[in-house]
Ligand SMILES: Cc1cc2nc3c(=O)[nH]c(=O)nc-3n(C[C@H](O)[C@H](O)[C@H](O)COP(=O)(O)OP(=O)(O)OC[C@H]3O[C@@H](n4cnc5c(N)ncnc54)[C@H](O)[C@@H]3O)c2cc1C
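In our numbering, the protein residues as written are 268 to 654.
(1) Applying the criterion that 16 or more other CB atoms from any shown protein chain within 10 Å of the CB defines a buried residue, is residue 594 buried or exposed?
(2) Along the chain, which unbroken stretches of the alpha helix (DSSP H) at least 4 residues long are found entirely within the segment 472 to 539?
(3) Compare the beta carbon distance of residue 362 and residue 549 with 7 Å and say whether it is the shorter of the two.
(4) Determine contact between the segment 466 to 481 and the segment 300 to 309, defined as no fewer than three beta-carbon pairs at a distance below 8 Å.
(5) Output needed for residue 343: all residues of its chain with C-beta closer than 6 Å, excluding positions within five of it in sequence on either side, in chain order.
(6) How is the beta strand (DSSP E) around residue 417 delimited, first residue to last?
(7) Need the endpoints of the alpha helix (DSSP H) that residue 570 sits in, please.
(8) So is the beta-carbon of residue 638 under 6 Å away from any non-hydrogen atom of ligand 1?
(9) The beta strand (DSSP E) with residue 458 in it runs from where to where?
(10) How many angstroms separate the CA atom of residue 553 from the CA atom of residue 612?
(11) For residue 637, which option in 320, 389, 441, 582 has the closest C-alpha, if you only look at C-alpha atoms?
(12) Taking the CB atoms as reference points, tell me whether residue 355 and residue 392 lie closer together than 7 Å.
(13) For residue 481, which residues of its own chain have a beta-carbon under 7 Å away from its beta-carbon, when the five flanking residues on both sides are left out?
(14) Mind checking whether the beta-carbon of residue 393 lies closer than 6 Å to any heavy atom of ligand 1?
(15) Distance check for residue 559 and residue 407, CA to CA, integer angstroms please.
(16) Which runs of the beta strand (DSSP E), 3 residues or longer, sit entirely within the segment 360 to 418?
(17) Does at least one heavy atom of ligand 1 sit under 6 Å from the Cβ of residue 676?
(18) Identify which residue in 341, 634, 494, 628 has its Cα closest to the Cα of residue 567.
(19) Is residue 387 closer than 7 Å to residue 314 when the C-beta atoms are compared?
(20) Cα-Cα, which of 277, 336, 275 is closest to residue 571?
(21) Would you decide whether residue 534 is buried or exposed? Buried here means 16 or more other CB atoms lie within 10 Å of its CB.
(22) Just curious, the alpha helix (DSSP H) that residue 306 is in, first and last residue?
(23) By Cβ distance, which residues of its chain are closer than 8 Å to residue 544, with the 5 residues on each side in sequence left out?
(24) Using the three-state DSSP reduction, which class does residue 433 fall into: helix, strand or coil?
(25) List the whole-angstrom C-beta distance separating residue 517 from residue 586, where the pair is believed to meet the contact cut-off of C-beta under 8 Å.
(26) Check residue 358 in the structure and name its three-state DSSP category.
(27) Can you find a heavy atom of ligand 1 that lies under 6 Å from the Cβ of residue 289?
(28) Rounded to whole angstroms, what is the Cα-Cα separation between residue 316 and residue 531?
(29) Decide if residue 589 is buried, meaning its Cβ has at least 16 other Cβ atoms within 10 Å, or exposed.
(30) Assuming residue 628 and residue 591 form a contact by the criterion Cβ under 8 Å, report the distance between their Cβ atoms to the nearest whole angstrom.
(31) Helix or strand or just coil, what does DSSP make of residue 332?
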């Protein structure tokens, strides 16, 4: 792994930086989980990105991308977070379903779905979890019964992020009703406004509507909406989960920027806090940098044709625990002020730390809980017996 940037990579970084400086909204957009207005403002930002061909730089040009490699993607992400640009409302689409479609979709499916995804015209939700199938995803009960050239979907999905305002969902369904566990499952897309779909918001810890339950009652979709072969849903979902845990969903830049802000916060309050906080702040900064180096190493390996394996699980545990520690450090610096909500008149930037802390608490749960990741590491990396 060569740790120096090439002339071309430095030029690319400058191009991203200049574009972001010229286009990032001056005022932060309101949350995409709270109101339709906030959601649509984020969709409009996705369109602006896509007009500049920044929607997903690693995608082929024919789908609105730039055909760049993973190292350039990491550079893009560093500049993206550095600029304070809005969070990506279509992250389930561009970071999870997009790469999966690229690998398993037919040319017709790619043409139909990828460009509209990259442009934000169609925002996606992930509909895998069910009330009794979270960690144990193979316990999925929702069914998709073939009827001519269509599937009829029935069931109950839960914890679907962005589903309240999103346009489409990709769900895991049992296409063979007599099948058990990992067999007989298929990945199927459905529009969230189709007849028979009912989306019910679940309030989050901060009161926003970041999740939803989805009730499906005889929802008809064409067979064209099945990704991969019938019964191949499990292996396709595991490929998606690899993207989610391993590289795409949480790029290091997000944590590096947060760690730098933490250092600034510490410097501003150095004389008010206990000496031990200094160590925690330094550890957070070092962890964020170490995570970035580790991801550069993974990206180099993938670019050279390697595969991401069980280390997706170690990455996921690392970034989720680092994120909590980093936000806890900020709250300990702020003391009682940390309790100011974002909406409080005196909050200023302080409210963002509490928001970030609440969200960090979900990190060890979503994208496969950390206990499950530890089971994967024990069995597949260390070769320990199943418990
Ligand atoms: C912020 C957030 C966003 C999410 N977004 C989505 C989404 O968009 N789409 C979607 O489909 N789902 C989503 N989820 C759901 C998420 O995938 C599940 O919450 C997660 O898989 C855990 O499942 P569960 O909640 O049913 O908990 P359970 O599976 O019931 O687990 C409860 C506890 O038991 C532990 N546990 C369970 N089994 C084992 C085991 N074998 N060994 C050791 N410990 C175990 C778990 O680690 C956990 O601590 C989201 C969740 C969160 C928090």
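A virtual CB, placed ideally from N, CA and C, is assigned to each residue, including glycine. Just so you know, these numbers come straight off a predicted model, no measurement behind them.
The structure says:
(1) On the chain shown, position 327 is the one that residue 594 refers to. Looking at its Cβ environment, which holds 16 or more other Cβ atoms inside 10 Å, residue 594 is buried.
(2) 500 to 513, 519 to 536
(3) Sequence index remark: in the chain shown, residue 362 carries index 95 (1-based). Sequence index remark: in the chain shown, residue 549 carries index 282 (1-based). It is not a contact, given that the beta carbons lie outside the stated cut-off.
(4) yes
(5) As a first step, residue 343 must be located in the chain shown, where it is residue number 76. Excluding residues within five positions, the ones whose Cβ falls inside 6 Å are 283, 324.
(6) Position 150 of the chain shown holds residue 417. Note, residue 417: beta strand (DSSP E), 417 to 424.
(7) As a first step, residue 570 must be located in the chain shown, where it is residue number 303. Looking at the DSSP string, the run of the alpha helix (DSSP H) that includes residue 570 is 543 to 570.
(8) On the chain shown, residue 638 is found 371 positions in, with the first residue counted as 1. Yes; taking the cut-off as 6 Å, the Cβ of residue 638 has a heavy atom of ligand 1 nearer than that.
(9) One-based indexing of the chain shown puts residue 458 at position 191. Residue 458 -> beta strand (DSSP E) spans 452 to 458.
(10) Locating residue 553 in the chain shown gives position 286, counting from the first residue. Locating residue 612 in the chain shown gives position 345, counting from the first residue. Using only the alpha carbons, I get a separation of about 34 Å.
(11) Within the chain shown, numbered from 1, the residue matching residue 637 stands at position 370. Residue 582 is the option with its Cα nearest to residue 637.
(12) Taking the chain shown and counting its residues from 1, the one referred to as residue 355 is at position 88. Taking the chain shown and counting its residues from 1, the one referred to as residue 392 is at position 125. It is not a contact, given that the beta carbons lie outside the stated cut-off.
(13) Translated into the one-based positions of the chain shown, residue 481 becomes position 214. 394, 424, 427, 430, 436, 464, 466.
(14) Position 126 of the chain shown holds residue 393. Checking the Cβ of residue 393 against ligand 1 gives yes.
(15) For the purposes of this step, residue 407 is identified with residue 140 of the chain shown, where counting begins at 1. For the purposes of this step, residue 559 is identified with residue 292 of the chain shown, where counting begins at 1. Whole-angstrom Cα-Cα distance: 35 Å.
(16) If we require 3 residues or more, the beta strand (DSSP E) runs fully inside the segment 360 to 418 come out as 391 to 394, 410 to 414.
(17) No answer is possible for residue 676: it lies beyond the span of the chain, which begins at 268 and ends at 654.
(18) Against the chain shown, residue 567 aligns to sequence position 300. Checking every option, the nearest Cα to that of residue 567 belongs to 341.
(19) Mapped onto the chain shown, residue 314 falls at position 47. Mapped onto the chain shown, residue 387 falls at position 120. Yes, Cβ-Cβ distance for residue 314 and residue 387 is below 7 Å.
(20) To locate residue 571, count along the chain shown from 1; it is residue 304. Comparing Cα-Cα distances from residue 571 to each of 277, 336, 275, the minimum goes to 336.
(21) Within the chain shown, numbered from 1, the residue matching residue 534 stands at position 267. That one is exposed.
(22) Residue 306 sits at position 39 when you count from the first residue of the chain shown. Unbroken alpha helix (DSSP H) run through residue 306: 303 to 318.
(23) The sequence position of residue 544 within the chain shown is 277, counting from 1. Excluding residues within five positions, the ones whose Cβ falls inside 8 Å are 533, 596, 599, 600.
(24) Here residue 433 is taken as the residue at index 166 of the chain shown, counted from 1. It is coil, neither helix nor strand.
(25) The count along the chain shown starts at 1 and reaches residue 517 at position 250. The count along the chain shown starts at 1 and reaches residue 586 at position 319. Yes, residue 517 and residue 586 are in contact; Cβ-Cβ is about 5 Å, under 8 Å.
(26) Position 91 of the chain shown, counted from the start, is the residue given in the question as residue 358. Note: residue 358 maps to helix in three-state DSSP.
(27) Residue mapping note: residue 289 aligns to position 22 of the chain shown, counting from 1. Incorrect: residue 289 has no Cβ contact closer than 6 Å to ligand 1.
(28) Counted from its first residue, the chain shown places residue 316 at position 49. Counted from its first residue, the chain shown places residue 531 at position 264. Their Cα atoms are separated by approximately 29 Å.
(29) For the purposes of this step, residue 589 is identified with residue 322 of the chain shown, where counting begins at 1. Buried, by the Cβ-count rule.
(30) Mapped onto the chain shown, residue 628 falls at position 361. Mapped onto the chain shown, residue 591 falls at position 324. The Cβ separation is near 7 Å, so the contact holds.
(31) If you number the chain shown from 1, residue 332 lands on position 65. The answer is coil: DSSP assigns residue 332 none of H, G, I, E or B.
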